[in-house]
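Reviewing the structure listed below.
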Amino acid sequence: MSRYELRFSGAGGQGLITAGIIMAKAASIYEGKQAVQSQSYGPEARGGASKSEVIISDGPIDYPKVTQCDALLAMTQEAANKYSHDLKEGGVLLIDSDLVKIVPPGNFKTVAFPIINTAKNDVGREIVANIVALGAMVALTGQVTRENAEKAVLSSVPEAFIELNRKAFSMGYERAEAAAKG
Amino acid sequence: MSKKVAFMQGNEAAAHGAIYAGCTFFGGYPITPSTEVAEVCSIELPKIGGKFIQMEDEIGAMAAILGASLAGAKVLTSTSGPGLSLKQELIGYGCIAEIPCVIYNVMRGGPSTGMPTGPSQSDVMCAKWGTHGDHPAICLTPASVQETYEEVIRAFNLSEKYRTPVMVMPDEIVAHMRERVVFPEPGEIEVIPRKAPTVPPEQYKPYDTSFGDVPPLAAFGSGYKFHVTGLNKMQDGFPTTKAEIVQAEEERQVRKVEANVDDIASFEEYMLADAEVVVVAYGSTSRSARYAVNVAREQGIKAGMFRIKTFWPFPDKQIKALAAKVKGFVIPEMNLGMCSLEIERNAQGKAPVLGIFRVDGEPINPDQILEKIKEVK
């Protein structure tokens, strides 16, 4: 049975839990697959380590946590160091190239671009960096279609911010595609 | 028409399940990792004419739901470890005064403040032995978001049917995990209403056993006047120390649950037909167990899982039967061996009981369980 495991990791306040929820929602509600999202975080509201895990499958999902990661997003150096060890051979690592200077070694494909800076300078608001990252993860993992993922994004954000998030998602998707081609 | 679906947390599903079951009153005090139940209730209950009240603490919250229940409402509170400890005296009050209510407790690391954001399964004994004195105990341990929704409905039903407090205890993983929920249509899942008195107010006694072990409960304010106390009581609700009455009443209260185990206890048998090694698991840990059993089967090991859905009353009969025919039990749990004690009590030395105990805030992963399955010879 197909079991695909994703982990969104970084610091509390970066919106990674939200990104994970939207990815899972895209798979579960819009793509017609099964998905489970879980998270672990410290007692702090901001800062501290944060991770959100998503399992996507065609059939029922038993263990809701990552066993061997297929795709990892690391938005801090600490997260890249801590979580790349169980990344599968042939898996994909997405990093923010401004924040993760030392790329962890391993037999996986690393895709890097300045995620937060893209949000800040190209989209216009740093707060949507998580949606830029989500767009990139959707492009790199191919678990849900671009259309279904966009639907999940737009149904998860307040009406006033729909255009901002649409732009963030598209930009993330396209930057990752370009970066992956190298 | 296709059914309504949503992608949500166990805690959010619990609140929606309560409303489906007819809950119109929530009294609580927010605490991680159960706060989402209160949040959803505070938004949804006013929409259906219900009431949400945040009390000064967990003790006040427990008192509020008992009062609201006596006034005829179906009631819910939600909490976690430290709050569950505070509620214990009034949970006992609910047991002896026979007041239906549902207590939703998300298990986090303990004792005391412990680890507020870490998962645990260490409150399952507290569900039975937390309040002092002999009393009935019903505790449900769901393993998925959909099941949390459905088990909360069942908790309300059992609470009304047996006129006693019922606990629902997901661990933090199930409570915070998000999955798709398919909502049932109204009427699709049975909702049991409270048994109303059939006698006029002047003949009514709140503990009138001529109506059976579960006497009807009138609502305060409906014209029926009666006395409620935490003291041992007579059929009319007034205190007594008469030995034969106290003995009979205590036995009846416990019998309400003990004599109906087959109606209350629920479990899942997974690949047990030819199983030689049985993993007994509950809550999120059962999901790791299912994964491990599947891998074991691929490797030619005859493993199976007995999943406890109702922790109390404990499925004694089923475990005894398994103990007589299997090579051993493996019990993964996020505590230092609580369910294991119950399995040992039932296995009576007929099969070894191997535990995997984790209290570090990390889930028990399938590999750990698989390794232990292989230790059973």
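Line order of the protein sequences matches chains A and B.
For the first sequence, our numbering gives the first residue as 1, with consecutive numbering after it.
For the second sequence, our numbering gives the first residue as 1001, with consecutive numbering after it.
Ideal Cβ placement from N, Cα and C applies to all residues, glycine included.
Predicted, not measured: the structure shown is a model, and the values here were computed from it.
CB contact check: A:Ser-2 to chain B, cutoff 8 Å: Cβ-Cβ to chain B under 8 Å: no for A:Ser-2.
Inter-residue spacing [alpha-carbon to alpha-carbon] between B:Ala-1143 and B:Gln-1203: Cα-Cα distance, rounded: 45 Å.
Given 8 Å, three or more beta-carbon pairs between the stretch 1127-1142 of chain B and the stretch 1059-1071 of chain B: Cβ pair count under 8 Å is below three, so no.
The stretch 88-101 of chain A / the stretch 144-162 of chain A touching (three or more Cβ pairs under 8 Å): Touching, no, given that fewer than three Cβ pairs across the two stretches are closer than 8 Å.
Residue burial classification, B:Thr-1229 (beta-carbon count within 10 angstroms, cutoff 16): By the neighbour-count criterion, in which a residue is buried when 16 or more other Cβ atoms sit within 10 angstroms of its Cβ, B:Thr-1229 is exposed.
Contact list for A:Ile-131 against chain B, beta-carbon separation under 8 Å: What A:Ile-131 touches in chain B: nothing, since even the nearest Cβ is about 17 Å away.
Counted within 10 angstroms of its Cβ, other Cβ atoms place B:Trp-1129 as buried (16 or more) or exposed: B:Trp-1129 is exposed by the Cβ-count criterion.
Proximity test, Cβ basis, 8 Å: A:Asp-58 and chain B: Chain B contact via Cβ: absent.
Residue range of the alpha helix (DSSP H) that includes B:Ser-1159: For B:Ser-1159, the enclosing alpha helix (DSSP H) begins and ends at 1145-1162.
Below-8 Å beta-carbon distance, B:Asn-1365 vs any chain A residue: At least one beta carbon of chain A lies nearer than 8 Å to the beta carbon of B:Asn-1365.
DSSP-derived helix/strand/coil call for A:Phe-169: A:Phe-169: helix per DSSP, three-state reduction.
Residues bridged to B:Phe-1026 (per DSSP): BP columns for B:Phe-1026 point to B:Phe-1052 and B:Leu-1076.
Cβ of A:Val-144 within 8 Å of any chain B Cβ: No, no contact with chain B.
Presumed contact (8 Å Cβ cut-off) between B:Ile-1192 and B:Glu-1160, rounded CB distance: B:Glu-1160 and B:Ile-1192 do touch by the CB rule: their CB atoms are close to 5 Å apart, below 8 Å.
Within the stretch 1284-1364 of chain B, ranges of the alpha helix (DSSP H) (whole runs, at least 4 residues): Listed in chain order, the alpha helix (DSSP H) elements of length 4 or more contained wholly in the stretch 1284-1364 of chain B are 1285-1298, 1316-1323 and 1338-1347.
Contiguous beta strand (DSSP E) assignments of at least 3 residues, all confined to the stretch 70-149 of chain A: Qualifying beta strand (DSSP E) stretches, in chain order: 87-96 and 109-113.
Where the beta strand (DSSP E) through B:Glu-955 begins and ends: Outside the shown range of chain B, which is 1001 to 1377, sits residue 955 of chain B, and nothing can be said about it.
Simplified DSSP state of A:Met-23, which is helix, strand or coil: For A:Met-23, the secondary structure class from DSSP, reduced to helix, strand or coil, is helix.
Length of the line joining the Cα atoms of A:Glu-163 and B:Pro-1186: Here the alpha carbons of B:Pro-1186 and A:Glu-163 stand approximately 37 Å from one another.
Closest Cα partner of B:Arg-1180 within the set B:Ala-1061, B:Ala-1013 and B:Tyr-1093: For B:Arg-1180, the nearest C-alpha among the options comes from B:Ala-1013.
Beta-bridge pairing of B:Gly-1109 - partner residues as DSSP gives them: B:Met-1115.
Any C-beta of chain B under 8 Å from that of A:Thr-18: No, A:Thr-18 does not count as interfacial toward chain B.
Cβ contact check for the stretch 1004-1011 of chain B and the stretch 1023-1041 of chain B: 3 or more pairs under 8 Å: Contact between the stretch 1004-1011 of chain B and the stretch 1023-1041 of chain B is established, with three or more Cβ pairs separated by less than 8 Å.
Rounded separation between B:Val-1199 and B:Ser-1210 - CA only: Taking the straight line from one Cα to the other gives about 12 Å.
Cutoff 8 Å: A:Ser-9 Cβ touching any chain B Cβ: Using a Cβ-Cβ cut-off of 8 Å, A:Ser-9 does not count as an interface residue toward chain B, since no Cβ of chain B sits closer than that to its own.
Proximity below 8 Å, CB of B:Glu-1058 to CB of B:Thr-1079: Result yes, Cβ atoms of B:Glu-1058 and B:Thr-1079 sit closer than 8 Å.
Same chain, Cβ closer than 8 Å to B:Asn-1260, neighbours up to 5 away in sequence not counted: Closer than 8 Å at Cβ, skipping near neighbours: Tyr-1162.
Residue range of the unbroken alpha helix (DSSP H) whose run includes B:Ser-1069: Per DSSP, B:Ser-1069 belongs to the alpha helix (DSSP H) from 1058-1070.
Element boundaries [alpha helix (DSSP H), containing B:Arg-1178]: Note, B:Arg-1178: premise wrong, no alpha helix (DSSP H); beta strand (DSSP E) at 1178-1182.
Any C-beta of chain A under 8 Å from that of B:Ser-1284: Yes, B:Ser-1284 counts as interfacial toward chain A.
Cut-off 6 Å between Cβ atoms - residues of its own chain near A:Tyr-30, not counting five sequence neighbours on either side: Contacts found: Asn-148, Lys-151 and Ala-152.
B:Ile-1399: contacting residues in chain A (beta-carbon distance under 7 Å): Residue coverage of chain B in this structure runs from 1001 to 1377, which leaves residue 1399 of chain B outside it and unanswerable.
CA nearest to the CA of A:Asn-130, picked from A:Ser-28, A:Ser-52 and A:Gly-32: The candidate whose alpha carbon is nearest that of A:Asn-130 is A:Ser-52.
Under the three-state DSSP convention, the category B:Val-1166 falls into: In the three-state reduction of the DSSP assignment, B:Val-1166 falls in the strand class, which pools E and B.
A:Gly-13 classed as buried or exposed, judged by whether at least 16 other C-beta atoms fall within 10 angstroms: Only exposed fits A:Gly-13, as fewer than 16 other CB atoms lie within 10 angstroms of its CB.
Contact set between B:Tyr-1291 and chain A, taken where Cβ atoms lie within less than 7 Å: Within chain A, the residues near B:Tyr-1291 are Asp-62 and Tyr-63.
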